[in-house]
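Here's the structure we're looking at; comments come further down.
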Amino acid sequence: MAMPLSDRELKKGSAELLILSLLEDRPRHGYEIGQLIELRSRGALRFNVASFYPLLYRLEKRGWIRGRWVEKAGQRRRRYYRLTRGGRKILEAQRHGWRDFVEAIGRITGIEYA
Amino acid sequence: MPDFKSEIRRSIAGLNLPPTYEEEIVEELSQDLEERFEEALSHGASEQEAEQLALNELTPAGALGDQLKQLKPRAPKPTPPMGIQRSRSRFAGFWDDVRFGLRMLRKQPGFAVVAILTLGVGIGASTAMLSLVRDVLLRPLPYAHADRLYAIWASSESSGQSQVAASGPDLIDYLEQNRSFAHLAGYIPLFTFTWTGDGEPKLVNCTSVSEQFFGMFGIKPYLGRLYEPREYTYLENDTLIVSYRFWKNQLGGDPNVIGRVVHFEGVSETIVGVLPPMSDLFPNTDVWPKHTVRPSWPYMKWRGNKFLRVVGELNPGVTPAMAEEDLKAILRRAPEEPRDLRVHLVPLKEDLVGNVRLPLYATLGAAGLILMVACINVAALLLARMVKREGEIAVRLSLGAGLRRIAQQLVTESLLLSAIGCTLGLMIAWAVLRLLVRVPNLPLPRMDNVHLNGPALLSTIASASAMTILFGWMSSVGFSRLNLSSALRPRGLQTTGRRGLSLALLVTGEIACSVVLTVSVCLLVHSFWRVIHVNPGFQPRSLLRVYLRTNYYDEKGRAFWKGVLTETASLPGVRHVAVSDWRPGRDAATATFVFEDRPNEPTRLPSGEGSWVSDDFFRTVGTPLIAGRFFTEHDDDNAPAVVMINDEAARRFWPGENPIGKRIGVNYTGPGRRSEVAPRLREIVGVVGNVRHDSLDAPAAPAVYLPYLQDETNHDMATMSLFLRADGNVMALADSVRNRIHQLDSNQPVQNIQSVADLVSQSVATRRYTLILVGAFAGIGLLLAAVGVYGVISYTTSQRTREFGVRIALGATRGNVVSHVLRSGARLTVLGSLVGIAGALIIARSLSALLFEVGPFDLWSFVGAVGILAAVSIFACLVPAWRASRVDPTVAMQTE
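Protein chains in written order, with numbering that gives the first Met the number 0: chain R, 0 to 113; chain C, 0 to 895.
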C-alpha cells in the first residue's frame with residue numbers, strides 16, 4: 000500500500016470495520032449483514048452484492064471471519080459468518096484507530112460528533 | 000422466481016474456479032438476490048421491477064468477476080528465472096514511491112528547495128575540492144617509474160640553507176660516482192630568452208636540460224627528434240627543441256617546422272624537434288635548450304654556484320634513504336663543502352607541486368566540514384518533517400500498511416532527495432572547477448588537467464548513498480513504536496521528546512562544525528591581515544617594474560642601461576628611475592659574505608640576499624636610509640668599491656657597532672654567475688631599512704646592495720628590471736616606456752610591465768585564495784547552521800504553542816516568551832560552541848603552517864568565531880521567538 004489514504008481505501012477500511020462490528024455479538028449470514036449496514040446507517044451506506052460478497056470472502060481468507068453452512072429445520076441451508084479470535088483483535092485495533100481518525104478529522108474540519 | 004443462478008454463473012464463468020467453490024458462491028449469492036427479489040415484491044413492486052432491482056446488485060457487469068479474481072486461489076506457476084517476478088513488482092512499487100515522493104516534495108517546496116540546495120552545495124563543494132586535490136596532489140605523474148623519480152636537494156645547517164640546488168661540479172660528481180640512480184639529469188627551469196629577428200621581439204620561457212632528462216621521462220618527440228647524445232658534448236651547437244605550446248601558438252602549428260631557423264639571444268638555432276604537450280613538467284616552457292655538463296659553460300665550473308636542479312630515477316630496489324647516503328658521501332668528499340651537508344630526496348611530484356599541499360588540504364577539510372554540516376542539516380530537516388507526517392504515517396499503518404513498506408517509502412523519498420541533491424552537487428562541482436581553471440594567476444600547478452574525476456565522483460556517490468541510508472533510517476526509526484492514538488493526539492502538553500533530543504543533538508553537531516570552520520577562517524583572516532600590514536620596507540604603490548631581458552653580457556650593456564635610465568627619467572610624471580636585478584615578490588639572489596674584520600671559514604660563509612642596483616634605487620622604491628649615504632652616479636668602476644647593507648645585516652654582523660666604513664667581500668651566487676677569483680673588498684657606505692625581497696610573510700634576511708656599474712663580471716647586464724616611481728596611475732606609462740626603450744634598441748623585447756603593488760599582492764596569492772575558499776565555505780557553513788538552528792527552534796516552539804498560550808494567559812509577558820525561546824537557542828549554541836572549540840583546538844594546530852604571526856590558539860580568532868556564531872544563531876532564533884510571543888492564548892488553548 001503505497002498511496003496515502005484514498006477513497007477506495009477509506010471505504011474498504013470502513014466496510015471491513017462495519018462487517019467485523021456486526022459479527023461481534025453473533026454469527027450472521029451475508030444478506031443479514033448487508034441489510035443491517037443499510038438499516039443502521041439509515042440508508043447512507045450500502046454495498047451491492049457484486050462487491051460485498053468478495054469482501055466477505057476476503058475477510059474470511061485473512062482468517063478474521065469464518066463462514067459455515069447451517070441447515071435449520073424447514074429452511075434451506077444458509078452460510079453464517081462468525082468472528083474468529085484474530086478478527087476480534089483486528090476489530091479492537093480498527094475500532095481504536097477509526098475513533099482516533101474520526102476525532103482527528105473532526106478536529107481538523109471542525110465537525111462535532113456525538 | 001427468476002433464475003439468478005445462471006446469471007451469477009455467467010458472470011463468474013471466466014474465473015475457472017474449482018466447481019464446488021463456484022457452486023457455493025452461486026448458492027450464497029443467488030439466495031441473497033432471491034431475498035431481495037421477494038422483499039421488493041412484498042413492498043409492492045412488479046415481478047419485472049423486483050427482478051431488475053435484484054440484478055442491479057451484480058452491476059456493473061464484470062464487477063463480481065473482477066472482485067473474485069483477486070481472491071481466487073492461485074494455480075501454482077512455473078518458477079520464474081532468478082527473481083524476475085519479484086524484482087519487477089518491487090520496481091513497480093519503487094516507481095510509485097518515486098512519484099509519491101515527488102508529490103510530497105512539490106507539496107513542501109520550501110523544504111525541498113532548502114534540502115536540495117543544502118545537499119547540492121555540500122556535495123558540490125566537496126566534489127570540486129576532491130577533484131582538485133586528486134588532480135593536483137594525488138594523481139601520479141604520467142611517466143613510467145614515476146614512483147622512482149626524485150628531486151635532489153642539499154641542505155646545511157651551518158650555512159642556514161635548507162634547500163640548495165647543485166653546481167656543475169656537483170652534478171658531474173653525482174653522475175660519475177653514484178650507485179643509486181638509473182638516470183640523473185640537471186635542469187634549469189623557466190628562465191627567459193629573447194626571441195628576436197623573427198617579427199616583434201619577444202620573451203620566451205626556457206627550461207634547459209642535460210643529457211638523460213628526456214630519456215628519464217620517456218618523452219618521445221611529437222615531431223622531428225630529440226637531441227642526440229653527441230649534441231650534449233660540445234658547447235656551440237645550434238639545434239633546438241621547442242614545446243608543443245610554442246609550436247602551436249608561436250609557430251602556427253607548422254607541420255614543416257623541422258629545420259626552421261629561429262633567433263634566440265641573437266643566435267640562429269635550427270628547430271630539430273617538437274615535444275608533445277606535457278602538462279606536468281613545466282607546462283609554461285616554450286623552448287627546451289640543452290646544456291652540456293662536460294665541457295661546460297664557465298659558470299658551471301665553480302662549485303659554489305649552486306643553480307642546477309637535479310632529478311633522478313632510482314634504481315629498482317634502492318630506497319631514497321640509501322640514495323641520500325650515497326649522494327651525501329659524494330658531496331662531502333668535495334673540497335670546500337660544509338661538513339654538515341645533507342642530501343634530501345623529494346618525490347618529484349611533490350617537488351613540482353610545491354607548497355600548495357597544506358592550503359589545498361585545508362580547503363578540502365573545509366569542504367568536508369561543509370558536507371557534514373549539509374548532511375546534518377538535511378537530516379534535521381527530514382526529522383522535523385517526519386514529525387509533521389506522523390499522523391499520515393499512523394493512519395497508513397492502521398489501515399494495514401507494513402512497517403517495512405513505510406520504511407521503504409521513506410528511504411525512497413530520501414533517495415530521491417539525495418539523487419536530486421547529487422545531481423545539483425555535480426553541476427555545482429563542475430561549475431566551480433570550470434571557474435577555478437579560468438582564474439588567472441591561480442597559484443596552483445597542474446591545473447590544465449583538473450576536471451571532475453572518477454574517484455571524486457565515486458566518493459560523491461558513496462557519500463550520497465551513505466546519506467540516503469542514514470536519512471531513511473533516521474526518519475523511519477521511531478515509527479515502529481508509533482501508534483495511531485498517540486500520533487493523532489494533540490501534542491500541546493507533550494514535551495519535544497526523543498525526536499526533539501535528536502534534533503538538538505544534530506544542531507549541536509552542526510554548530511560545532513561551523514565553529515571549527517569559523518575559527519579556521521578567523522585565524523586565516525587574522526594572518527592575512529597581519530601579512531598585508533607587514534611593512535615591506537618599500538613603497539609598492541605608484542611603482543612600475545619593467546622586466547628587461549637583453550642580449551648584453553659585457554660592458555656594452557652599460558650604455559644600454561644608462562640610456563634606459565636617461566630616456567625614461569624624462570617621461571612626464573616620472574619622479575625616480577632605477578635599474579636592478581631585484582625581483583619584488585620573488586626570491587632574491589643569494590650571496591655569501593667575506594669579512595675583513597674577522598677570520599673567515601671558507602666553507603661556512605654567512606649568506607644573505609644580494610642585488611645589483613643603480614644609484615637612485617632606494618629613492619625609487621622608497622626604502623629609507625638609516626645610516627651613511629645612498630649610492631651616487633660616481634660609484635662606478637673608477638671609484639672605490641662600495642656596498643650598502645640592510646638593517647638586518649648590520650644587526651646580525653655588527654651588533655652594537657657602526658658598520659659604516661667596514662669592508663666586506665660579496666660572492667654573488669645567483670644562477671649562472673661565475674666567480675673564479677676571490678671577491679674584492681667593498682666599503683660599507685650606507686645602511687637601509689629591511690626590504691622584503693620575496694614574499695611578505697618571509698622573515699627579513701641580511702641583504703647587501705652593490706652598484707651595478709661595479710659588477711666586474713657584467714653578468715647582470717643581461718637581465719635587470721627598470722623601476723619607475725611616478726605620480727598617478729603608473730600602468731598608464733607602459734606604452735611610452737616601451738616606445739622609449741624601442742628607440743634605444745628596436746630588437747629589445749619589452750613584455751613584462753607590471754605595477755609592483757600587483758607583484759606584491761601576487762606573493763600572497765596562495766594565502767588570499769586559501770582565505771577566499773575557506774572563507775566561502777565557512778560562510779556557507781554559517782548559513783547552513785543558521786538554517787538548522789532556525790528550523791529546530793521554530794519546530795520546537797511550534798510544538799509548544801499551547802504551553803506559550805498558557806504562559807501568556809497566566810501573565811507571562813511577550814518579552815518573557817521571547818527570552819525563553821532565545822534561551823533554548825542559546826543553550827544549543829553554547830553546547831555546540833564548546834564542542835566546536837574543542838574541535839578547533841585540534842584542527843588549528845594543523846593549520847599553524849598557514850598562519851603568520853598568529854598562534855594556532857589565537858584568542859581573538861576563537862572569541863571572534865564564537866561571537867559570529869552566537870550572533871547568527873540568536874538571529875536565527877528571533878523569528879520563532881517573535882512568533883511564539885504573538886501566540887493568542889485563546890486560540891492556542893482551542894487547538895486542543
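Cβ coordinates follow ideal geometry from the N, Cα and C atoms, glycine included. The structure displayed is predicted, hence computed values, not measured ones.
Item	Value
Below-7 Å beta-carbon distance, R/Gly-96 vs any chain C residue	yes
Residue environment, R/Lys-71, which counts as buried when at least 16 other CB atoms sit within 10 Å	exposed
Interface positions of the stretch 397 to 413 of chain C facing chain R (Cβ-Cβ less than 7 Å), listed along the chain	Ser-397, Leu-398, Gly-399, Ala-400, Arg-404, Gln-408
Distance, C/Gly-804 Cα to C/Ala-383 Cα	22 Å
Cut-off 6 Å between Cβ atoms - residues of its own chain near C/Ile-83, not counting five sequence neighbours on either side	At C/Ile-83 the pLDDT is 35, less than 50, meaning the model places this residue with poor confidence; the figure from the coordinates comes in the next sentence. Excluding residues within five positions, none has a Cβ falling inside 6 Å.
Separation of C/Pro-18 from C/Arg-73, as counted between CA atoms	Reliability of the predicted coordinates at C/Arg-73 is poor, the pLDDT of 46 falling under 50, and no value is obtained from them.
3 or more residues per run - each beta strand (DSSP E) lying fully within the stretch 226 to 255 of chain C	238 to 241
Start-to-end residues for the alpha helix (DSSP H) that takes in C/Trp-560	555 to 568
C/Asn-815, enclosing alpha helix (DSSP H) - first and last residue	813 to 846
C/Ala-808 versus R/Lys-60: straight-line alpha-carbon distance, rounded	56 Å
Counterpart residues of C/Thr-269 in DSSP-defined beta bridges	C/Thr-238, C/Val-260
Integer-rounded CB distance, given that C/Val-120 should sit under 8 Å from C/Leu-415	Not quite, the Cβ-Cβ distance comes to about 18 Å (not below 8 Å), so this is no contact.
CB contact check: R/Pro-26 to chain B, cutoff 7 Å	Chain labels in this structure do not include chain B; the protein chains are R and C.
DSSP state of C/Ile-779 mapped onto helix, strand, coil	helix
C-alpha distance - C/Leu-63 paired with C/Glu-412, whole-angstrom precision	37 Å
Inter-stretch contact at 8 Å, needing at least 3 Cβ pairs: the stretch 414 to 433 of chain C / the stretch 442 to 460 of chain C	yes
Segment limits, alpha helix (DSSP H) that includes C/Lys-348	347 to 352
Reduced DSSP category for C/Asn-738 - H, G, I as helix; E, B as strand; rest coil	helix
Chain R contacts made by the stretch 380 to 395 of chain C, where a contact means CB separation under 9 Å	Gly-390, Glu-391, Ala-393, Val-394, Arg-395
With 16 other Cβ atoms within 10 Å as the buried cut-off, status of C/His-42	exposed
Sequence-distant residues of its chain with Cβ nearer than 8 Å to C/Trp-859 (five each side left out)	Cys-521, His-525
C/Val-372 vs C/Leu-783 beta-carbon contact at 7 Å	yes
C-alpha gap between R/Gly-96 and C/Leu-833, whole angstroms	46 Å
C/His-182 (DSSP reduced to helix, strand or coil)	strand
According to DSSP, residues forming a beta bridge with C/Leu-680	C/Gly-664
Neighbourhood of C/Ser-884 by C-beta, 7 Å cutoff - its chain only, sequence neighbours within 5 removed	Arg-813, Val-816, Val-817
Contact between the stretch 632 to 646 of chain C and the stretch 684 to 704 of chain C (3+ Cβ pairs under 8 Å)	yes
Residue nearest to C/Arg-801 in terms of C-alpha spacing, selected from C/Leu-721, C/Phe-874, C/Val-886	C/Val-886
Min CB distance C/Ala-864 to chain R below 7 Å	no
Supposed close pair C/Leu-516, C/Gly-780 - CB separation, criterion 8 Å	4 Å
Residues within the stretch 29 to 49 of chain R neighbouring chain C, beta-carbon criterion of under 7 Å	Gly-29, Tyr-30, Asn-47, Val-48, Ala-49
Contact under 7 Å by Cβ, C/Thr-589 with C/Val-576	no
C/Glu-595: first and last residue of the uninterrupted beta strand (DSSP E) it sits in	Segment: none, C/Glu-595 is in no beta strand (DSSP E) and carries neither H nor E.
Chain R contact for C/Gln-66 (CB, 7 Å cutoff)	yes
Interface residues of chain C facing R/Arg-78 [CB-CB closer than 7 Å]	Glu-27
For C/Glu-595 and C/Lys-661, the rounded distance between their alpha carbons	8 Å
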